[in-house]
Structure formats: structure tokens, C-alpha cells
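Take 2 as the starting number for the sequence shown in this note's numbering and just add one per residue. Positions of the beta carbon are idealized from the N, C-alpha and C atoms, including for glycine. Just so it is clear, the structure is predicted and the values come from calculations on it, not from any experiment.
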Amino acid sequence: MPASVSMFLCESMFEDRCVSQQEALSLSRKLATQATYYQNREQVVEAEMLFELAILIAERADEVDQSHIATCSHHLADIYSARSDFQQALPLYARSIAIWESSFGRDHKVVGLALHSYGEVLSHVGRQSEADNVLVRARKILGDLAGISASQMAEGMTITVHET
């Protein structure tokens, strides 16, 4: 479904009061669940469309569920990253990280995992210095949670440099 169609459907729902705010959030969560189902089965076109629609609906609701938006954004970024559409993935990873840092703190496991994905994509687009810093931070967070020092974790992880 083209983005313009998704936007039209989303705006029509809210302008025409077809659904309540609570129903809209529920619909957004159901769309995200279905999108995850498709993503897990490598039906990425369907997953991408549903994640985009879930985000649009969630953003328009009066009571925005930031954690839900972060999760959908991260999944959508994973889809873009898997098909090497790194420029589309970067802002979505950055958005999910910002939301999760605000919600859970800078050293939470979910932040570390998101930082790792973000760092890998930065590396793919040739922003190696920034990627290195992000990946070091991710390893520190994830290593601290596992009781492993950043230097021990660095020995077990390598930073892959990809030609662009």
C-alpha cells in the first residue's frame, strides 16, 4: 500500500471519528502484531506496510504510546536494514533509541541492543568513526548487564567494516 493511501486511511479514521482513540491504539497494536508475524515469516512487504500504518495510527492518537512507536520503528528499521536500505533505517533506529533512553534510561538492555543495530548500519553507510563509538557503547551496556567488561566483550565481538 503506497504511503499516501496509508496516510489517507489514517487521517480519515481520525477526522471522521470512525474509531475512538482507544480503539485506534488497539488497532495500531494489532497491526504491529500482524506485522511481526509477517516479518518472522520473511514476508517483508506486508510487514513493512503494516508497521508503517501502525506508526501512523499511533502517532495520531491523543495518548501516544511512545514505547509502541519505538518498537514499531525498530522493527521497520530492521526490515530496511535487511534489504540494505540503510538511509531509511538510520532515522528509525535513532528514533527508537531516543524513546527508549527517555523511557528506560541510557543503560537499559533494549537501548544497548538498539545501539548495536544502529552502529552496524552506521558502519554500512561509511560513518565508521561514529559507528565505532556507538558499538563500543552498545557493548558496554550489554556487557555490564551480563557481568562482562567492555574489553572482554570486545574480544568476543568484531566490528565489521563494509564497503559502500
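Residue i - containing alpha helix (DSSP H), residue span
i	result
residue 113	110-125
residue 166	This structure cannot speak to residue 166, because the chain is shown only from 2 to 165.
Best match in the options for proximity to residue i [C-alpha to C-alpha]
i	options	result
residue 121	102, 34, 105 and 79	79
residue 55	135, 71 and 103	71
residue 135	144, 126, 119 and 46	119
residue 29	53, 91 and 88	53
residue 107	83, 139 and 44	139
Local conformation of residue i per DSSP, three classes
i	result
residue 6	No answer about residue 6 holds up, because its pLDDT of 45 lies below 50 and its placement is not dependable.
residue 144	helix
residue 47	helix
residue 104	helix
residue 133	helix
residue 96	helix
residue 60	helix
residue 128	coil
residue 30	helix
residue 42	coil
residue 138	helix
Other residues of its chain near residue i: CB distance less than 6 Å, five sequence neighbours each side excluded
i	result
residue 25	58 and 62
residue 51	32, 35 and 36
residue 131	123
residue 143	113
residue 2	For residue 2, the predicted model reports a pLDDT of 47, less than 50, meaning its position is unreliable and no value from the coordinates is stated.
residue 73	33, 52, 55 and 56
Cβ-based neighbour list, residue i, same chain, cut-off 7 Å, excluding 5 preceding and 5 following
i	result
residue 109	101
residue 115	75, 94, 97, 98 and 101
Sequence-distant residues of its chain with Cβ nearer than 8 Å to residue i (five each side left out)
i	result
residue 105	111 and 112
Under 8 Å between C-beta atoms of residue i and residue j
i	j	result
residue 125	residue 87	yes
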